[in-house]
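Residue numbers (full-length UniProt numbering): 1 to 349. We put the CB at the ideal spot given by N, CA and C, even for glycine. Shown next, in structure tokens, is the structure this report addresses.
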């Protein structure tokens, strides 16, 4: 099978969709399929074209912040793939791919985040809705990654979806290299991984630091970093917050494993991949009980929070460090990619 994957971004850019597409692409190549990734040229230091782990990667210009890319449209239009799998409702790169008008079988994983958030976001989503409806009409199959996402898509768009959750590389995260002295402080720390944008909620952890005895290590970068640095200074904890920026994928398991707890206080997520990765690494988690993250609350090694005041976050962190995670309930990428492959094959019959 000749497959084209179209995500908004791809590693070395960090993020849940990036890891989702990377893992599925590599598993599909291992099964004997040909996989090409068409994505935006971000970060700019990444090559325009390369081959990694058998996956061909083509990066094209896109205009930020919403990844508008005429190059994606023209590339899809001139392509000849068996299946085109498009990722990300909230990025215009997906709309550009659908507008390409390919005759290939179109699969859409929206990674839909719902309509939560500030009024400005809700207004943008309302204006964008007709384009979203167009993408769902064009898709031959729609895949959700969580029960919450499936319910949102049914309620808001009236569409049926198949649930194929994200997988976890259990072997990789259960046997990490934790020799990271040059990356992290030589003191106990809590860890948070994600793009530095306001909705991800890193600011709530910073505000809780005066009430706990741990440092905070943050992996990821983004436009909210300067605000977080200023917030840390205002609360007198700048020397205890360590911003690593973009981190090589090989170091992530060790960062989880070395932490006393992993914290995810995002306002909206369609799955919560970092939670599963942390549990697989043996590190307990604090999650915000919002959107799909609430599906993790109460699982072994995980505490859910509704009240994200600094004192409450600090208390949850202290309690979480005493928990023992379990990974038996986690799916593997190999299992989930097998299900993805079955979906593709069904479209070709």
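- For residue 105, the three-state secondary structure derived from DSSP is strand.
- Apart from sequence neighbours up to five positions away, the residues of its chain that approach residue 16 with a beta-carbon distance below 6 Å are 273, ordered along the chain.
- With respect to the C-alpha of residue 40, the residue from 96, 227, 197 and 333 having the closest C-alpha is 96.
- CA-CA distance, residue 117 to residue 123, rounds to 10 Å.
- Here residue 127 is exposed, its C-beta having fewer than 16 other C-beta atoms within 10 Å.
- Sequence-distant Cβ neighbours of residue 73 in its own chain, meaning closer than 8 Å and more than five residues away, are 96, 97, 99 and 100.
- Under the three-pair Cβ rule at 8 Å, the stretch 198-217 counts as touching the stretch 257-270.
- Apart from sequence neighbours up to five positions away, the residues of its chain that approach residue 11 with a beta-carbon distance below 7 Å are 18, 22 and 249, ordered along the chain.
- Residues 107, 141, 143, 162 and 164 of the same chain have their beta carbon placed closer than 8 Å to that of residue 343, with the five preceding and five following residues left out of the count.
- In the three-state reduction of the DSSP assignment, residue 265 falls in the coil class, being assigned neither a helical nor a strand state.
- The residue from 212, 246, 283 and 84 with its alpha-carbon nearest to that of residue 347 is 84.
- Bounds of the alpha helix (DSSP H) holding residue 97 are 92-99.
- Of the other Cβ atoms in all chains shown, 16 or more fall within 10 Å of the Cβ of residue 3; this residue is therefore buried.
- Looking only at 6, 7 and 33, the smallest Cα-Cα distance to residue 345 is reached by 33.
- About 33 Å separates the beta carbon of residue 24 from that of residue 317, a gap too long to meet the 8 Å contact definition.
- For residue 174, the enclosing alpha helix (DSSP H) starts and ends at 170-174.
- Per the coordinates, the alpha-carbon of residue 286 lies some 9 Å from the alpha-carbon of residue 319.
- Residue 104 counts as buried, since at least 16 other C-beta atoms from the protein chains shown sit within 10 angstroms of its C-beta.
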